[in-house]
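Chemist: Residue numbers (our numbering): 504 to 782.
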Amino acid sequence: MLSVASARQSDNLGAAGNMEVDQVQRMIRLKRKIIEVATACNEGHIPAAFSILDILWVLYDRILGITPETLDDPDRHRFILSKGHASIGLYIVLAERGILDPSHLERFGMFGSILGGHPDRTKVPGIEASTGSLGHGFPMAAGLALGAKIRKTSSKVYAIVGDGECNEGTIWESAMFAAHRELDNLYCIVDQNHSGDIALHAGDFRQKFESFGWHTVRINGHDQDEIYRALSQHVPGKPVAVIAETIKGNGCKIMENSPEWTHKYPRPDELEAMLQTLR
Numbered sequence: 504m505l506s507v508a509s510a511r512q513s514d515n516l517g518a519a520g521n522m523e524v525d526q527v528q529r530m531i532r533l534k535r536k537i538i539e540v541a542t543a544c545n546e547g548h549i550p551a552a553f554s555i556l557d558i559l560w561v562l563y564d565r566i567l568g569i570t571p572e573t574l575d576d577p578d579r580h581r582f583i584l585s586k587g588h589a590s591i592g593l594y595i596v597l598a599e600r601g602i603l604d605p606s607h608l609e610r611f612g613m614f615g616s617i618l619g620g621h622p623d624r625t626k627v628p629g630i631e632a633s634t635g636s637l638g639h640g641f642p643m644a645a646g647l648a649l650g651a652k653i654r655k656t657s658s659k660v661y662a663i664v665g666d667g668e669c670n671e672g673t674i675w676e677s678a679m680f681a682a683h684r685e686l687d688n689l690y691c692i693v694d695q696n697h698s699g700d701i702a703l704h705a706g707d708f709r710q711k712f713e714s715f716g717w718h719t720v721r722i723n724g725h726d727q728d729e730i731y732r733a734l735s736q737h738v739p740g741k742p743v744a745v746i747a748e749t750i751k752g753n754g755c756k757i758m759e760n761s762p763e764w765t766h767k768y769p770r771p772d773e774l775e776a777m778l779q780t781l782r
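1) For His697 and Glu523, what's the separation of their Cα atoms in angstroms?
2) Looking only at C-alpha atoms, which of Lys586, Thr570, Glu676, Asp623 sits nearest to Ser554?
3) Quick one: what's got a C-beta closer than 6 Å to Ala644's C-beta in the same chain, skipping five residues either side?
4) Taking buried to mean at least 16 other C-beta atoms within 10 Å of its own C-beta, is Leu574 buried or exposed?
5) On the criterion of 16 or more Cβ atoms from any shown chain inside 10 Å, does Glu729 qualify as buried, or is it exposed?
6) When you compare the CB positions of Asp687 and Pro622, do they come within less than 8 Å of one another, or not?
7) For Gln736, which residues from the same chain have a beta carbon less than 8 Å from its beta carbon, with the 5 sequence-adjacent residues on both sides left out?
8) Quick check: what's the CA-CA separation for Tyr594 versus Ile750?
9) In three-state terms, what does DSSP make of Leu603?
10) Can you give the beta carbon distance from Leu649 to Arg684, rounded, assuming they're within the 8 Å contact cut?
11) Rank Pro762, Lys767, Gly754, His766 by C-alpha distance to the C-alpha of Leu778 and give the top, closest one.
12) Tell me the rounded alpha-carbon separation between Ser658 and His580.
13) Could you check if Ile653 is buried or exposed, using at least 16 other CB atoms within 10 Å of its CB as the buried criterion?
14) Once you ignore the five residues that flank Met504 on each side, which residues in its own chain have a CB closer than 8 Å to its CB?
15) Do you know offhand how far Ile674's Cα is from Glu773's?
16) Comparing C-alpha positions only, which one of Thr542, Arg565, Pro550, Ile722 sits nearest to Pro762?
17) Does Arg565 come within less than 8 Å of chain C when only Cβ atoms are used?
18) Once DSSP output is grouped into helix, strand and coil, what is the label at Leu774?
19) Counting only runs that start and end within the stretch 580-649, where is the alpha helix (DSSP H) found for 4 or more residues in a row?
20) For the alpha helix (DSSP H) that contains Tyr731, what are its first and last residues?
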């Protein structure tokens, strides 16, 4: 017979197990939606969206605190998807959180739709900056963080950049600026899915950001608890760089780490195979 303490421990383990199962099932469901929406109009970078999906979910579920009612709160936390080509992942998460009307997903990438291949802040609720040209979103995030400091608010700013995007000089100009202005309300998440390695090996991003005066941490970008702990860190006077090791196309064996699928859509037979094997 279990003791009271053992019973409680067993209950807690069961609850944790259920949470993990729910988490996995949710990610599979969101990935399924990304594939279906992208395939319907032959638009969207599916593998890029998969590599940041866990990060996006943690941001909107546990960090940002953004709701449909607080979209215009001047003191809100802000998020910028600097690697704007992964927008379909962001749209799916916004719809899941009730910030975006899910009916818009049916017209993603179509003429007259508010949802384009890159996010547009003038059309899509919850989008803080129009991005697409790599290297532009992160400087805007740094500017927003400085603005929050000047206004003396508790607002924090989070940006996801791609590892290939870090070839852009604006990334490092902004990193230098943020450290100089001691923007400890700024978080840069590097999606290191190694997709750019085929063209250029950029080296150790953790070491690079540290050399610019940032506090840095390296994590598994698909472990939601690791993501949450990293984004909850605060070091007075220092911005935070989170180097997230991810897999491009994570959870879909057909797409994982395959350059062929960067901007490609499945045939009907491939679609069914993908949906059946998602994990």
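For every residue, glycine included, the Cβ atom is placed at its ideal position computed from N, Cα and C.
Modeler: Result, derived from the coordinates:
1) Taking the sequence shown and counting its residues from 1, one reaches residue 697 at position 194. Taking the sequence shown and counting its residues from 1, one reaches residue 523 at position 20. If you take the alpha carbons of His697 and Glu523, they lie about 27 Å apart.
2) By one-based count along the sequence shown, residue 554 stands at place 51. Of the listed residues, the one whose Cα sits closest to Ser554 is Lys586.
3) On the sequence shown, position 141 is the one that residue 644 refers to. The residues are Ile583, Val660, Ala662.
4) Here residue 574 corresponds to residue number 71 of the sequence shown, with the count starting at 1. Classification of Leu574: exposed, given that the 10 Å Cβ count is below 16.
5) For the purposes of this step, residue 729 is identified with residue 226 of the sequence shown, where counting begins at 1. Label assigned to Glu729: buried.
6) Along the sequence shown, read from residue 1 onward, the residue named residue 687 stands at position 184. Along the sequence shown, read from residue 1 onward, the residue named residue 622 stands at position 119. Contact: no.
7) Along the sequence shown, one-based indexing puts residue 736 at 233. Once the five neighbours on either side are set aside, the close Cβ partners of Gln736 are His718, Val720, Val743.
8) Locating residue 594 in the sequence shown gives position 91, counting from the first residue. Locating residue 750 in the sequence shown gives position 247, counting from the first residue. The straight-line gap from Cα to Cα measures roughly 20 Å.
9) Numbered from 1 along the sequence shown, position 100 holds the residue referred to as residue 603. Coil.
10) Looking up residue 649 in the sequence shown gives position 146. Looking up residue 684 in the sequence shown gives position 181. With 8 Å as the limit, Leu649 and Arg684 qualify as a contact, their Cβ atoms being about 6 Å apart.
11) Locating residue 778 in the sequence shown gives position 275, counting from the first residue. Per the Cα distances, Gly754.
12) Here residue 658 is taken as the residue at index 155 of the sequence shown, counted from 1. Here residue 580 is taken as the residue at index 77 of the sequence shown, counted from 1. Whole-angstrom Cα-Cα distance: 5 Å.
13) The count along the sequence shown starts at 1 and reaches residue 653 at position 150. It counts as exposed.
14) Working through the sequence shown from its first residue, we reach residue 504 at position 1. Summary for Met504: the model assigns pLDDT 32, below 50, so the residue's position carries little reliability, and this model does not support an answer.
15) Numbered from its first residue, the sequence shown carries residue 674 at position 171. Numbered from its first residue, the sequence shown carries residue 773 at position 270. So the alpha carbons of these two residues sit roughly 37 Å apart.
16) Translated into the one-based positions of the sequence shown, residue 762 becomes position 259. When only C-alpha atoms are compared, the closest one is Pro550.
17) Considering every chain present, this structure includes no chain C. It has just one protein chain.
18) Along the sequence shown, read from residue 1 onward, the residue named residue 774 stands at position 271. DSSP places Leu774 in helix when its eight states are reduced to three.
19) 590-599
20) Here residue 731 refers to the residue found at position 228 of the sequence shown. From DSSP, the alpha helix (DSSP H) with Tyr731 extends over 727-734.
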